[in-house]
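Taken in sequence, the protein lines are chains A and B. Using my numbering, the letters of the first sequence map in sequence onto residues 5 to 77. Using my numbering, the letters of the second sequence map in sequence onto residues 1494 to 1905. Yeah, the Cβ is synthetic: ideal placement off N, Cα and C, and Gly gets one too.
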Amino acid sequence: MNLTVNGKKTVIADKESLSISGLLGELDVSDPLYVTVELNGDILERINFDNIVVRDGDEIEFLYFMGGGRGQC
Amino acid sequence: MRFESLVVHGEPEAGPCGPTTVPIVQSSAFAYGTASALEDVFRGRKVAPVYTRLGNPTTEALEKRLALLEGGVAAVATASGMAAIATAVMSIIRSGDEILASASLFGGTFSLFKETLSNYGVTTHFVDPTDVAAVRSGVTDRTRLIFMETIGNPRIDVPDISAIAAAAKEARIPLVVDATVSTPCLARGCDLGADIIVHSTSKYINGTGSAIGGVIIDMGRFGWRSDKFPHFAPFVKRYGEFAFTARVRKLIHKDFGACAAPMNSFLLIEGLETLALRMEKHCANAIALANFLSGHPKVNWVRYPGLAESPFHEVAARQFGGRFGGLLAFGLADREGAFRFIDHLRMAKNAANIGDVKTLVIHPASTIYCDYETEDKALLGVAEELVRVSVGIEHKDDIIEDFAQALSRSAD
């Protein structure tokens, strides 16, 4: 499957169904809890990361707004 | 790791070697080798520093450590405690909104709410923070946040934060808590039930009175997806549980520019590492001094939640794990008696600060609150005979002996 990730052509192994959550793991995206995902120009809601499936030719941006740490509760 | 280790180490850093203190990155801006590399940072494709008003590696180390200690999801360090409060509150409210705040507030916060924000169409109602029913009934359909202090300064009262958190949750509004006086050492923000914690880090976190700073810590659990907060909608969509911190960082903190200085962030981290040890001593010395003052014939009353007769003893014991902090207040005969006492102190310093390793005293009515109306002083519990004490970490007998001789000589 051919994707454009953060402006760069990226090829990943074809899978029957790859969700945004799955793609975050597949590409080992850093700080997945912080990342904002833009799919073909639209910002995705985090609650939909498991449901939205990526398709050949999709343009995806992984975006961050901050540092500032993460605690635990 | 346990709290005493977390304050020292924070999250373990990877790597075989490196400095054992956080480096001071004293740079306004950060250069990149290519235009596309800097574009990637500005677009958010990569987390990296650009300009110190927006973020700085030394300050980020402080933010990470404080978020970890409070159990929050993210933190934003600011230039001062008041900058933290103003930035946090202005990130939530809009013109026409109301704030429900404790009537037992630090003077700067009271002034921000009563004077400054009222000029921008925001009304604050003040309520007894120890009366949960009054807090519940004080919420109107325009209230957009509840603001409390874990230990009121200088009234030294202790609200039941978890009960107020339940009231805030029912009303679907966030609870913002100033935990400067208790610190995460006595209670973590996430355990208290607060949605947002603010601190003046200039106090116990720094510990030595060497740097001014503040911090906003987001617990990441408030439901901003609400008709009460339509201005949060784009942030909820993009940033989920980080919606509040994103709005702080991308709007108010960026636009008002009250950023932390890297040198101050370094000093605050250095201080933070001894917080657990210092708080233990502050608490032990405070109870010893409170007991001494309670039995002194010239002292009319003592406010300290560690005293069994304090009306806040039970809630403080539960909330803070049997510790009661380092701040107390006591009353002498009158204003003149308070002045004479302060003038005769030999070791304790007369200064407008708290949380220093040194014992500090002040007469709030004539200093911090000197410009306040009489009714506002009464509302805030600032009596003319009141002396506020931030008990330091000196030997307890030296503190008590200093107070004893000053009380004895203050009759002169």
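- Query: Buried or exposed: A:N44, going by 16 or more other Cβ atoms within 10 Å of its Cβ?
  - Reply: Numbered from its first residue, the first sequence carries residue 44 of chain A at position 40. Exposed, because fewer than 16 other Cβ atoms sit within 10 Å of the Cβ of A:N44.
- Is B:V1540 close to chain A, meaning its C-beta is less than 7 Å from at least one C-beta of that chain? Indexing the second sequence from 1 puts residue 1540 of chain B at position 47. For B:V1540, the answer is yes, since a Cβ of chain A falls inside 7 Å of its Cβ.
- Query: Of all the CB atoms in chain B, is at least one closer than 7 Å to the CB of A:L7?
  - Reply: If you number the first sequence from 1, residue 7 of chain A lands on position 3. With 7 Å as the cut-off, A:L7 does not count as an interface residue toward chain B.
- Task: Would you check if the region 1651 to 1658 of chain B and the region 1724 to 1731 of chain B touch, i.e. whether three or more CB-CB distances between them fall below 8 Å?
- Result: The region 1724 to 1731 of chain B, when compared against the region 1651 to 1658 of chain B, does not touch it at the 8 Å Cβ threshold.
- Closest by CA to B:K1774, which one among B:T1571, B:E1504 and B:D1849? Residue numbering aside, residue 1774 of chain B sits at position 281 when the second sequence is read from its first letter. Its Cα nearest to that of B:K1774, the residue B:D1849 stands out among B:T1571, B:E1504 and B:D1849.
- Along the chain, where does the alpha helix (DSSP H) that runs through B:D1533 open and close? Taking the second sequence and counting its residues from 1, the one referred to as residue 1533 of chain B is at position 40. It spans A1528 to R1536 - the alpha helix (DSSP H) in which B:D1533 sits, taken as one unbroken run.
- Task: Taking C-beta pairs closer than 7 Å, name the residues in chain A that B:R1731 reaches, listed in chain order.
- Result: In the second sequence, residue 1731 of chain B corresponds to position 238, counting from 1. In chain order: T40 and I47.
- Message: According to DSSP, is B:C1752 part of a helix, a strand, or is it coil?
- Response: To locate residue 1752 of chain B, count along the second sequence from 1; it is residue 259. Residue state, collapsed to three classes: strand.
- Task: Ignore the nearest five residues each way along the sequence and tell me which others in A:E63's own chain have a CB closer than 6 Å to its CB.
- Result: Translated into the one-based positions of the first sequence, residue 63 of chain A becomes position 59. Within the same chain, A:E63 has close Cβ partners T8 and N44.
- Query: Would B:V1669 pass as a contact of B:F1640 if the rule is Cβ separation under 7 Å?
  - Reply: Taking the first residue of the second sequence as position 1, residue 1669 of chain B is located at position 176. Taking the first residue of the second sequence as position 1, residue 1640 of chain B is located at position 147. Yes, they are a contact pair.
- Task: Would you give the residue range spanned by the beta strand (DSSP E) that B:V1620 belongs to?
- Result: For this step, residue 1620 of chain B is matched to residue 127 along the second sequence. Residues T1616 to V1620.
- Query: For B:S1498, which of helix, strand or coil comes out of DSSP?
  - Reply: Here the question's residue 1498 of chain B lines up with position 5 in the second sequence. In the displayed model, B:S1498 falls within a helix according to three-state DSSP.
- Report the residues of the region 7 to 27 of chain A with a CB closer than 9 Å to any CB of chain B, ordered along the chain. N10 and G11
- Collapsed DSSP secondary structure at B:G1511 in the structure displayed: Walking along the second sequence from the start, residue 1511 of chain B turns up at place 18. Here B:G1511 sits in coil by DSSP.
- Item | Interface partners of A:L67 on chain B, CB under 9 Å | Counted from its first residue, the first sequence places residue 67 of chain A at position 63. By Cβ distance, chain B contributes R1536, G1537, R1538 and R1731.
- Between the Cα of B:G1814 and those of B:S1675, B:S1901 and B:K1842, spot the shortest distance and give me the residue it belongs to. Position 321 of the second sequence, counted from the first residue, corresponds to residue 1814 of chain B. Minimum Cα distance to B:G1814 is reached at B:S1675.
- Taking the runs of the beta strand (DSSP E) that are 3 residues or longer, which of them lie wholly in the region 1800 to 1886 of chain B? 1820 to 1824, 1853 to 1855 and 1879 to 1883
- Message: For a cutoff of 7 Å on Cβ pairs, would you count A:R59 as touching chain B?
- Response: Here residue 59 of chain A refers to the residue found at position 55 of the first sequence. No, because no Cβ of chain B sits closer than 7 Å to the Cβ of A:R59.
- Query: Should B:A1739 be flagged as near chain A, meaning a C-beta pair shorter than 7 Å?
  - Reply: Residue mapping note: residue 1739 of chain B aligns to position 246 of the second sequence, counting from 1. For B:A1739, the answer is yes, since a Cβ of chain A falls inside 7 Å of its Cβ.
- Message: Our contact map puts B:P1798 next to B:F1817 with C-beta atoms below 8 Å; I'd like the distance itself, whole angstroms only.
- Response: As a first step, residue 1798 of chain B is located in the second sequence; it is residue number 305 there, counting from the start. As a first step, residue 1817 of chain B is located in the second sequence; it is residue number 324 there, counting from the start. Rounded, the Cβ-Cβ distance is 5 Å, consistent with contact.
- Going by CA-CA distance only, name the one from B:P1652, B:G1601 and B:L1559 that's closest to B:I1762. Working through the second sequence from its first residue, we reach residue 1762 of chain B at position 269. Of B:P1652, B:G1601 and B:L1559, the residue nearest in Cα terms is B:L1559.
- Item | Among B:T1860, B:S1903 and B:S1588, nearest to B:F1599 - alpha-carbon criterion | In the second sequence, the residue the question calls residue 1599 of chain B occupies position 106. Taking only the C-alpha atoms, the option nearest B:F1599 is B:T1860.
- Taking the alpha-carbon positions, what's the B:G1733 to B:M1712 distance? In the second sequence, residue 1733 of chain B corresponds to position 240, counting from 1. In the second sequence, residue 1712 of chain B corresponds to position 219, counting from 1. Each residue's alpha carbon lies about 12 Å from the other.
- Task: List the residues of chain A that B:F1715 touches, going by C-beta distances under 7 Å, in chain order.
- Result: Counting from one through the second sequence, the residue named residue 1715 of chain B turns up at place 222. Within chain A, no residue comes near B:F1715; the closest Cβ sits about 13 Å away, beyond 7 Å.
- Can you have a look at B:P1790 and say buried or exposed, based on whether 16 or more other CB atoms are within 10 angstroms of its CB? Taking the first residue of the second sequence as 1, we reach residue 1790 of chain B at position 297. Exposed.
- Boundaries (first-last residue) of the alpha helix (DSSP H) holding B:K1696: As a first step, residue 1696 of chain B must be located in the second sequence, where it is residue number 203. In the DSSP assignment, B:K1696 falls outside any alpha helix (DSSP H), carrying neither H nor E.
- Message: As a quick exercise: from A:G11, A:V57 and A:N6, pick the residue whose alpha carbon is nearest that of B:G1537.
- Response: The residue you call residue 1537 of chain B lines up with position 44 of the second sequence. That would be A:G11, whose Cα lies nearest to the Cα of B:G1537.
- Message: Between A:C77 and chain B, is the shortest Cβ-Cβ distance under 7 Å, so that the two count as touching?
- Response: Along the first sequence, read from residue 1 onward, the residue named residue 77 of chain A stands at position 73. For A:C77, the predicted model reports a pLDDT of 44, less than 50, meaning its position is unreliable; a value from the coordinates is still stated below. Answer yes: the Cβ-Cβ gap between A:C77 and chain B drops below 7 Å somewhere.
- Query: Got a sec, what are the start and stop residues for the beta strand (DSSP E) B:I1585 sits in?
  - Reply: On the second sequence, position 92 is the one that residue 1585 of chain B refers to. Looking at the DSSP string, B:I1585 is not in any beta strand (DSSP E); the run it does join, the alpha helix (DSSP H), is G1574 to I1585.
- Starting from B:G1923, trace the beta strand (DSSP E) both ways and give me its first and last residue. The requested residue 1923 of chain B is not part of the displayed model; chain B covers only 1494 to 1905.
- Message: Can you look up A:K13 in the DSSP assignment and give me helix, strand or coil?
- Response: As a first step, residue 13 of chain A must be located in the first sequence, where it is residue number 9. Here A:K13 sits in strand by DSSP.
- Query: At which residues does the alpha helix (DSSP H) containing B:T1551 begin and terminate?
  - Reply: Position 58 of the second sequence holds residue 1551 of chain B. In the DSSP annotation of this structure, the continuous segment of the alpha helix (DSSP H) that includes B:T1551 starts and ends at P1550 to E1563.
- Could you give the distance in angstroms between the alpha-carbon of B:N1915 and the alpha-carbon of B:K1747? With chain B represented from 1494 up to 1905, any question about residue 1915 of chain B goes unanswered, as that position is not in the structure.
- Message: Please identify the residue among B:G1686, B:S1758 and B:E1878 whose C-alpha is closest to the C-alpha of B:Q1812.
- Response: The sequence position of residue 1812 of chain B within the second sequence is 319, counting from 1. When each option's Cα is compared against that of B:Q1812, the closest is B:G1686.
- Task: Might you give, ordered along the chain, the residues of its own chain that have their beta carbon closer than 7 Å to the beta carbon of B:D1827, omitting 5 neighbours on each side?
- Result: Position 334 of the second sequence, counted from the start, is the residue given in the question as residue 1827 of chain B. Within the same chain, B:D1827 has close Cβ partners E1877 and E1878.
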